[in-house]
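Enquirer:
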Ligand SMILES: NC(=O)c1ccc[n+]([C@@H]2O[C@H](COP(=O)([O-])OP(=O)(O)OC[C@H]3O[C@@H](n4cnc5c(N)ncnc54)[C@H](OP(=O)(O)O)[C@@H]3O)[C@@H](O)[C@H]2O)c1
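In this note's numbering, the protein residues as written are 256 to 558.
Structure below.
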């Protein structure tokens, strides 16, 4: 299939990473725009992106991107996407795609009313900055939405980026994105909670605690990857070590009581994994459940 000429409205982390990688894979990126457009003094995000691409113009406004490119990515913050879709005059048959993880195609309704073909292309990856975004794209999964005519092009792009793709149906997006938040953002939160506990013992800085816990985290991720659920589960719940768990809860109640509720909730959610792994009996599972629930009920009564 002939590769379409691309335009990017929004030249932040995702816009830049996708434009650079797609350009490396033979897609022509002909125009980019950003909120700050262009500047004589400090280069704007659109100017920086255009400078990194061959023969790409910095458009003075979003309309110029739509006039120059047959296939336009809107890579602005999510809240801005409907506004851009409404402001720009799209032409019939033009492709308009957003990269939001939480929003579906309805935020492009105004582009669709102008007979544009709309789609979504969400990289299931964390893009904290451009360097790591570019590095992390290969191997990522892209969640696609759209009519069959645009889906084929989006699948080709995902494959060109050395990624995998899945096609989502209307209504799937919010739960899909909640899953991404749980595994990516809340993992960061768990790291913060775990390192905060190190303030209660030893003389380590937060950085030292992070460095000490990171190999454990990486080992766990490697086990998930290589061994899979549920057999990658280790620790006191997998072994049915009730005494250890009682000690944890007691110590947390004394030193870090705000962590007790999340400890017992995640503990409860871990019991079915331990059971499926087959290292604990139904009786062990019941005792573990009572331990986690018992502590919760007591605390709830105290509140
Ligand atoms: N970051 C992630 O981890 C991640 C992962 C997957 C998907 N996404 C999705 O990717 C999209 C972009 O996110 P991001 O993290 O790349 O955002 P970002 O780094 O904040 O970049 C947003 C870009 O949009 C531009 N912009 C803002 N308002 C504009 C307007 N009215 N017209 C034209 N350009 C405008 C900004 O211009 P200035 O530079 O001039 O401010 C900036 O270049 C979002 O839909 C997000 O949900 C993000």
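Glycine included, C-beta positions come from ideal geometry on N, C-alpha and C. Just so it is clear, the structure is predicted and the values come from calculations on it, not from any experiment.
Count the other C-beta atoms from every protein chain shown that fall within 10 angstroms of the C-beta of residue 548, then say buried if there are 16 or more, exposed otherwise.
Expert: Locating residue 548 in the chain shown gives position 293, counting from the first residue. Exposed, by the Cβ-count rule.
Enquirer: Would you mind reading off the limits of the alpha helix (DSSP H) that contains residue 435?
Expert: One-based indexing of the chain shown puts residue 435 at position 180. Its alpha helix (DSSP H) spans residues 428-435.
Enquirer: Are three or more beta carbon pairs between the stretch 401-414 and the stretch 429-441 nearer than 8 Å?
Expert: With fewer than three CB-CB distances shorter than 8 Å, the stretch 401-414 does not count as touching the stretch 429-441.
Enquirer: Rank 503, 321, 271 by C-alpha distance to the C-alpha of residue 449 and give the top, closest one.
Expert: Start at 1 with the first residue of the chain shown, and residue 449 comes out as number 194. Per the Cα distances, 503.
Enquirer: I'd like the span of the beta strand (DSSP E) that includes residue 399, first residue to last.
Expert: Position 144 of the chain shown, counted from the start, is the residue given in the question as residue 399. Segment 396-401, the beta strand (DSSP E) holding residue 399.
Enquirer: How would you write the range of the alpha helix (DSSP H) that residue 300 sits in, first residue to last?
Expert: Position 45 of the chain shown, counted from the first residue, corresponds to residue 300. First-last of the alpha helix (DSSP H) with residue 300: 300-306.
Enquirer: Assuming contact is defined by CB atoms lying nearer than 8 Å, are residue 375 and residue 401 in contact in what I supplied?
Expert: To locate residue 375, count along the chain shown from 1; it is residue 120. To locate residue 401, count along the chain shown from 1; it is residue 146. Yes, Cβ-Cβ distance for residue 375 and residue 401 is below 8 Å.
Enquirer: Throw me the rounded Cβ distance for the residue 528 and residue 472 pair, which I believe falls under 8 Å.
Expert: Here residue 528 refers to the residue found at position 273 when the chain shown is read from its first residue. Here residue 472 refers to the residue found at position 217 when the chain shown is read from its first residue. So it is not a contact: roughly 18 Å between Cβ atoms.
Enquirer: Go ahead and pull the three-state DSSP assignment for residue 544.
Expert: Within the chain shown, the letter at position 289 stands for residue 544. It is helical.
Enquirer: Please check the pair residue 361 and residue 333, which I expect to be a contact at CB under 8 Å, by giving their CB distance rounded to whole angstroms.
Expert: Taking the first residue of the chain shown as position 1, residue 361 is located at position 106. Taking the first residue of the chain shown as position 1, residue 333 is located at position 78. Going by Cβ atoms, the distance from residue 361 to residue 333 rounds to 13 Å, so no, they are not a contact pair.
Enquirer: Give me the residue from 267, 380, 407, 275 with the minimum Cα distance to residue 256.
Expert: As a position in the chain shown, residue 256 is number 1, starting the count at 1. Minimum Cα distance to residue 256 is reached at 407.
Enquirer: Within this structure, are the beta carbons of residue 323 and residue 285 separated by less than 8 Å?
Expert: Within the chain shown, residue 323 is the residue found at index 68, counting from 1. Within the chain shown, residue 285 is the residue found at index 30, counting from 1. Yes, they are a contact pair.
Enquirer: Helix, strand or coil for residue 557, going by three-state DSSP, please let me know.
Expert: In the chain shown, counting from the first residue as 1, residue 557 sits at position 302. Any reading at residue 557 must be qualified, since the residue scores a pLDDT of 47, below 50, and its modelled position is unreliable; no value is offered.
Enquirer: In its own chain, which residues sit with a C-beta less than 7 Å from the C-beta of residue 342, not counting the 5 before and 5 after it?
Expert: Here the question's residue 342 lines up with position 87 in the chain shown. The answer, listed in chain order, is 317.
Enquirer: Which of the three DSSP states is assigned to residue 262 in this structure?
Expert: On the chain shown, residue 262 is found 7 positions in, with the first residue counted as 1. Correct three-state label for residue 262: strand.
Enquirer: So, with DSSP's three-state summary, where would you put residue 552?
Expert: Locating residue 552 in the chain shown gives position 297, counting from the first residue. Caution applies to residue 552, whose pLDDT of 49 falls short of 50 and renders its modelled position unreliable; the value that the coordinates give is listed next. Reduced to three states, the DSSP call for residue 552 is helix.
Enquirer: Tell me whether residue 289 counts as near ligand 1, meaning its Cβ is closer than 7 Å to at least one heavy atom of that ligand.
Expert: In the chain shown, counting from the first residue as 1, residue 289 sits at position 34. It does: the Cβ of residue 289 is within 7 Å (strictly closer) of some heavy atom of ligand 1.
Enquirer: Less than 8 Å between the C-beta atoms of residue 532 and residue 416, yes or no?
Expert: The residue given as residue 532 occupies position 277 in the chain shown. The residue given as residue 416 occupies position 161 in the chain shown. Contact flag unset, no.
Enquirer: Would you report the Cα separation of residue 552 and residue 385, rounded to the nearest angstrom?
Expert: Position 297 of the chain shown, counted from the first residue, corresponds to residue 552. Position 130 of the chain shown, counted from the first residue, corresponds to residue 385. Low confidence applies here, because residue 552 scores a pLDDT of 49, under 50, leaving its location unreliable and the question unanswered by this model.
Enquirer: Which residue from 288, 290, 260, 267 puts its Cα closest to that of residue 277?
Expert: One-based indexing of the chain shown puts residue 277 at position 22. Checking every option, the nearest Cα to that of residue 277 belongs to 260.
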